[in-house]
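This report refers to the structure that appears directly beneath it.
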Amino acid sequence: MKQDKEKQFFRLFMQHQRSIFCYILMNVRNADDARDVMQEAAVIMWQKYTIQDQEERFLYWSLAIARNLIKQYYQKLKRDHLIFCDELLSEIEDRSRSQIESYEDYVAALRKCLARLNARQRQLLSLKYERGMKVKEISRHVQRSTEAIYKIIARTQAALQRCILKSMAE
Amino acid sequence: MDKYEQIITLVIKEHEGMLTAEEFRILQAYLRGDSQLLDFYIHCYLTISVFNKSYDFSDRIAWSEAYLVNIDGPFWKELADLEKAAPSFEQPTPPDDDKPAVGKLAVEKPPHKIKKSSVLTVVLSSAALLFFLMLIRFLPAPPVRTPIGRVLQLNNAVFPKPVKMLAEGQDVFAGPLSLTAGSGLIELDTGTRVFLTAPIEIDLHDKSLVYLSQGKLLAQVPPTGLGFTISTPQGSVVVYGTEFTLAVDPDGWTRVEVFKGRVDLRSKSGSPVNAISQLVAAGQVGTVDASGSIAVKDKRTSPAPVRRSLERVWAGTQPRSLWNDPVNWENEEMPDAYSPAFLQHRPVRSICVIDDTHTGQHRARAEYVNIGLWGYGCLEMTGGELETEEIWVGRRDGGDGVFTLSGGTVFITQKRDGIIIGKSWEKKAGHGVMNFKGGTILFEDSRDNMILGWGYPAQGVLNMEGGRLSIPNQLILGAVSDEIQSPEPLLGTGYVNIKAGVLRAGSLLIRQGRVDIQDGVLVLKGDVRQPLQEYVRTNRLTANNGAGTLRFDYDSDADETRVRAEGLP
């Protein structure tokens with residue numbers, strides 16, 4: 000019985016962990032903090048998990064746990080951090096939840112649109128988001144001003160986002 | 000820059016934690032007033048999170064296809080192209096009125112009288128000049144060779160004739176390089192270090208591209224060496240990470256073993272854009288066979304194709320031996336900023352000591368330090384200086400480490416994992432103990448943590464016996480295993496015993512384990528009395544092994560909470 004539970008949990012966890020992490024990152028908006036919240040969520044999910052007949056509920060159950068942890072995260076931050084007003088946070092939470100429902104479509108659109116960027120644009124986004132380099136580090140690395148790097152990333156990503164929206168609407 | 004580009008700029012700043020209060024106010028105003036912008040903002044983070052590989056265990060191979068296009072040159076050239084393609088910028092010219100007035104002086108020229116001999120001289124001189132110009136034009140220009148790196152170290156290296164011998168400190172130029180015996184360490188101008196072991200044949204194209212036709216090499220690539228590529232007859236390796244070995248076997252296979260970070264292993268079959276490619280992560284071995292097929296396996300299930308060479312292994316023979324004496328290291332090779340120190344006392348138990356003599360140019364240095372890796376290891380620091388990026392105490396299968404600090408200064412120089420005490424691997428425990436009695440640990444990055452017990456069944460213990468220890472970010476007791484293969488979030492366990500002294504941390508996270516306070520003080524940032532009470536209620540924070548009570552004081556001026564024990568044990 001315990002083995003069945005483990006098997007089911009880890010299969011579902013592996014299946015949905017990227018969506019859960021995306022949801023957390025969209026709401027926390029800081030990669031280090033998102034990883035911490037994800038760790039906490041994984042522990043709680045494992046502790047509270049019971050075998051489910053309806054596997055499709057796993058994602059919503061996980062997101063509910065993540066949502067509580069995100070709330071706790073903001074409660075801890077309240078003292079000296081810049082936090083959006085409650086109304087906006089709740090709006091972001093609602094919209095990010097609905098985005099997660101179409102996560103696979105979004106990833107497919109993103110892949111398609113990434114292929115339309117040229118090599119240097121892809122390389123720049125990879126440095127920034129995949130390798131996690133800060134703009135300052137990239138600017139040092141390529142010996143260009145930080146302002147120039149901000150501009151290039153902003154233009155590239157804006158084009159990418161527009162392409163994704165168009166692609167998803169088709 | 001339009002509104003959408005402004006939003007992205009603000010998102011980047013927010014994501015990096017660089018958003019100012021003013022920029023935050025602007026961002027909030029944008030998002031509250033426009034639901035389209037809010038959707039755009041959320042999409043930006045969705046894109047960022049898809050790029051983020053932290054939890055990308057399933058579709059990374061598919062992702063690699065997006066990055067297969069070869070980059071022809073260093074990245075800055077690509078950006079220079081972007082700048083070239085930018086709209087031209089007209090340099091304003093000052094109006095004529097601003098030009099300085101320059102007067103002409105009228106001079107009457109004397110009449111010229113041309114001699115025949117002068118004409119002849121001019122004709123002959125012109126012919127000679129034309130001849131020299133033609134000579135320069137059609138003769139091959141002498142090659143201008145600029146060095147692309149230099150030789151750092153040679154160990155009994157033998158170069159095949161008629162190739163010119165290299166010497167330590169000598170510049171290295173583009174071209175073929177072979178070794179028939181011994182080994183050598185080359186540093187390219189990008190900071191990439193390549194360790195060559197004979198027999199080997201390579202061709203240095205430039206500082207970012209090396210062709211390995213036969214043999215094996217080990218490469219350490221710093222961030223400045225991003226994009227470093229080693230090409231082989233069967234494929235190529237493009238670096239995303241920092242340390243790997245690559246071998247081309249006589250049987251026509253290319254093998255890469257990654258120790259840190261990851262590399263993109265590409266087969267030469269297929270077009271450059273649609274080539275077969277797989278990421279090889281730390282702890283994995285990737286192969287490309289003669290037919291161009293790629294396979295990636297865990298290191299433990301693959302035969303080790305090459306010997307790892309850059310770690311420096313402790314070989315002290317006395318009960319207490321000094322770090323900065325080369326005889327105490329295997330092959331008398333001491334660790335430095337580019338090589339890790341492995342304190343694994345085999346076959347003799349010998350404590351590695353760092354004392355007052357380890358200062359200035361004799362400062363102990365290592366890329367990172369493993370105290371107790373697959374066995375017992377012990378480091379005692381009574382003075383002097385140790386400079387490293389991270390310290391692991393008790394790591395992996397059977398790792399049993401003790402680190403005692405009573406004096407001197409430890410410099411943790413980069414944001415990596417900080418100090419980790421007790422780390423498991425494949426569910427096999429590492430046990431670590433740190434005894435802090437004095438001295439100083441300076442973390443250069445404010446995000447550095449101390450983790451006690453990382454992954455089940457690892458255990459980490461911190462004994463505070465005096466002095467002051469300040470952890471800039473989190474003190475974490477019990478972290479979940481980070482192994483990709485781990486089927487479950489397995490927690491390690493951490494224990495902190497504050498017998499004396501002051502332990503200060505940005506925050507405290509007890510997932511599994513306990514903090515017990517006897518005679519010392521625990522100081523945490525902010526007013527955290529309420530969450531600490533929860534730890535007390537669940538026996539994760541105790542006084543005198545549960546026999547005493549705890550007192551919590553919040554100092555609003557310093558914005559910190561101090562915890563002390565009350566009552567006799």
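In the order they appear, the protein sequences are chains A and B. Read in order, the letters of the first sequence are residues 0 to 169 in numbering that gives the first Met the number 0. Read in order, the letters of the second sequence are residues 0 to 568 in numbering that gives the first Met the number 0. Yeah, the Cβ is synthetic: ideal placement off N, Cα and C, and Gly gets one too.
Residues of chain A with CB closer than 8 Å to the CB of residue 539 of chain B, please, in chain order. The sequence position of residue 539 of chain B within the second sequence is 540, counting from 1. By Cβ distance, chain A contributes nothing, its closest Cβ being about 14 Å from residue 539 of chain B, past 8 Å.
Once DSSP output is grouped into helix, strand and coil, what is the label at residue 331 of chain B? Position 332 of the second sequence, counting from 1, holds the residue named residue 331 of chain B. Residue state, collapsed to three classes: helix.
Residue 285 of chain B: buried (16+ other C-beta within 10 angstroms of its C-beta) or exposed? Against the second sequence, residue 285 of chain B aligns to sequence position 286. Per the 10 Å Cβ criterion, buried.
Residue 32 of chain B - containing alpha helix (DSSP H), residue span: As a first step, residue 32 of chain B must be located in the second sequence, where it is residue number 33. Run containing residue 32 of chain B: 20 to 32, per the alpha helix (DSSP H) assignment.
Pop quiz: residue 23 of chain A and residue 61 of chain A are said to be a contact at Cβ under 8 Å. What is the actual Cβ separation, rounded to whole angstroms? In the first sequence, residue 23 of chain A corresponds to position 24, counting from 1. In the first sequence, residue 61 of chain A corresponds to position 62, counting from 1. Actually they do not touch by this definition, with Cβ atoms about 10 Å apart.
Determine the direct distance from the alpha carbon of residue 467 of chain B to that of residue 390 of chain B, and round the result to whole angstroms. Locating residue 390 of chain B in the second sequence gives position 391, counting from the first residue. Locating residue 467 of chain B in the second sequence gives position 468, counting from the first residue. So the alpha carbons of these two residues sit roughly 18 Å apart.
Applying the 10 Å Cβ sphere with the 16-neighbour rule, what's the burial state of residue 2 of chain B? For this step, residue 2 of chain B is matched to residue 3 along the second sequence. Residue 2 of chain B is exposed by the Cβ-count criterion.
According to the Cβ coordinates, are residue 340 of chain B and residue 329 of chain B closer than 8 Å? As a first step, residue 340 of chain B is located in the second sequence; it is residue number 341 there, counting from the start. As a first step, residue 329 of chain B is located in the second sequence; it is residue number 330 there, counting from the start. The answer is no: Cβ separation not under 8 Å.
Using the C-alpha atoms, what's the distance from residue 280 of chain B back to residue 579 of chain B? Limits of chain B in this structure are 0 at one end and 568 at the other, which puts residue 579 of chain B out of reach.
From this set, B/525, B/32 and B/323, which residue's C-alpha is nearest residue 384 of chain B's C-alpha? Residue 384 of chain B sits at position 385 when you count from the first residue of the second sequence. Taking only the C-alpha atoms, the option nearest residue 384 of chain B is B/323.
Please classify residue 513 of chain B as buried or exposed, where buried requires at least 16 other C-beta atoms within 10 Å of its C-beta. For the purposes of this step, residue 513 of chain B is taken as the residue at position 514 of the second sequence. So residue 513 of chain B ends up on the buried side.
Could you pull the DSSP bridge partners for residue 50 of chain B from this structure? The residue labelled residue 50 of chain B in the question sits at position 51 within the second sequence. BP columns for residue 50 of chain B are empty, so no partner.
Assign residue 554 of chain B to buried or exposed, taking buried as 16 or more other Cβ atoms, counted over all protein chains shown, within 10 Å of its Cβ. The residue given as residue 554 of chain B occupies position 555 in the second sequence. With fewer than 16 other Cβ atoms within 10 Å, it is exposed.
From the DSSP output, in three-state form, read off residue 175 of chain B for me. If you number the second sequence from 1, residue 175 of chain B lands on position 176. Note: residue 175 of chain B maps to strand in three-state DSSP.
If you drop the 5 nearest sequence neighbours on each side, which residues of the same chain put their C-beta closer than 7 Å to that of residue 535 of chain B? For the purposes of this step, residue 535 of chain B is identified with residue 536 of the second sequence, where counting begins at 1. Here the set comprises 549.
One or two residues paired with residue 202 of chain B in a DSSP bridge: Indexing the second sequence from 1 puts residue 202 of chain B at position 203. Answer is B/175 and B/210.
In chain A, what lies closer than 7 Å to residue 188 of chain B by C-beta? Walking along the second sequence from the start, residue 188 of chain B turns up at place 189. The premise fails here: residue 188 of chain B is roughly 14 Å from chain A at the closest Cβ pair, so nothing lies under 7 Å.
Would you mind giving the Cβ-Cβ distance between residue 373 of chain B and residue 398 of chain B, rounded to the nearest angstrom? I have them listed as a contact below 8 Å. Position 374 of the second sequence, counting from 1, holds the residue named residue 373 of chain B. Position 399 of the second sequence, counting from 1, holds the residue named residue 398 of chain B. The pair is a contact, with the Cβ atoms about 6 Å apart (cut-off 8 Å).
Once DSSP output is grouped into helix, strand and coil, what is the label at residue 1 of chain B? For the purposes of this step, residue 1 of chain B is taken as the residue at position 2 of the second sequence. Residue state, collapsed to three classes: coil.
Applying the 10 Å Cβ sphere with the 16-neighbour rule, what's the burial state of residue 98 of chain A? Here the question's residue 98 of chain A lines up with position 99 in the first sequence. Label assigned to residue 98 of chain A: buried.
Sequence-distant residues of its chain with Cβ nearer than 8 Å to residue 134 of chain A (five each side left out): If you number the first sequence from 1, residue 134 of chain A lands on position 135. 127, 145, 148, 149 and 152, listed in sequence order.
Inter-stretch contact at 8 Å, needing at least 3 Cβ pairs: the stretch 70 to 77 of chain A / the stretch 117 to 132 of chain A: no
Quick one: is residue 147 of chain B near chain A, going by C-beta distance under 8 Å? Sequence index remark: in the second sequence, residue 147 of chain B carries index 148 (1-based). Taking Cβ atoms only, chain A never reaches closer than 8 Å to residue 147 of chain B, which makes this a no.
Return helix, strand or coil for residue 129 of chain A, following the three-state DSSP convention. Taking the first residue of the first sequence as 1, we reach residue 129 of chain A at position 130. DSSP places residue 129 of chain A in helix when its eight states are reduced to three.
Taking 8 Å as the threshold (C-beta atoms), are residue 320 of chain B and residue 287 of chain B in contact? The residue given as residue 287 of chain B occupies position 288 in the second sequence. The residue given as residue 320 of chain B occupies position 321 in the second sequence. Against a cut-off of 8 Å, the Cβ pair of residue 320 of chain B and residue 287 of chain B comes out as no contact.
Do residue 539 of chain B and residue 509 of chain B come within 8 Å of each other at the CB atom, strictly closer than that value? As a working note, residue 509 of chain B is residue 510 in the second sequence. As a working note, residue 539 of chain B is residue 540 in the second sequence. Taking 8 Å as the Cβ cut-off, residue 509 of chain B and residue 539 of chain B qualify as a contacting pair.
Secondary structure of residue 373 of chain B, DSSP reduced to three states: Residue numbering aside, residue 373 of chain B sits at position 374 when the second sequence is read from its first letter. Coil.
Going along the chain, which residues of its own chain have a beta-carbon closer than 6 Å to the beta-carbon of residue 458 of chain B, five neighbours each way excluded? To locate residue 458 of chain B, count along the second sequence from 1; it is residue 459. So the qualifying residues of the chain are 421, 430, 452 and 492.
Using a cut-off of 7 Å between C-beta atoms, extract the partners of residue 133 of chain A located in chain B. Counted from its first residue, the first sequence places residue 133 of chain A at position 134. In chain order: 15.
I'd like the span of the beta strand (DSSP E) that includes residue 167 of chain A, first residue to last. Locating residue 167 of chain A in the first sequence gives position 168, where the first residue counts as 1. Where residue 167 of chain A is concerned, there is no enclosing beta strand (DSSP E), although the alpha helix (DSSP H) it sits in stretches over 145 to 168.
Where residue 357 of chain B falls: helix, strand or coil (DSSP): Residue mapping note: residue 357 of chain B aligns to position 358 of the second sequence, counting from 1. Here residue 357 of chain B sits in coil by DSSP.
Distance CB(residue 403 of chain B)-CB(residue 386 of chain B) smaller than 8 Å: Position 404 of the second sequence holds residue 403 of chain B. Position 387 of the second sequence holds residue 386 of chain B. No. Outside cutoff.
Is the beta carbon of residue 42 of chain B less than 8 Å from the beta carbon of residue 163 of chain A? In the second sequence, counting from the first residue as 1, residue 42 of chain B sits at position 43. In the first sequence, counting from the first residue as 1, residue 163 of chain A sits at position 164. Going by C-beta atoms, residue 42 of chain B is nearer than 8 Å to residue 163 of chain A.
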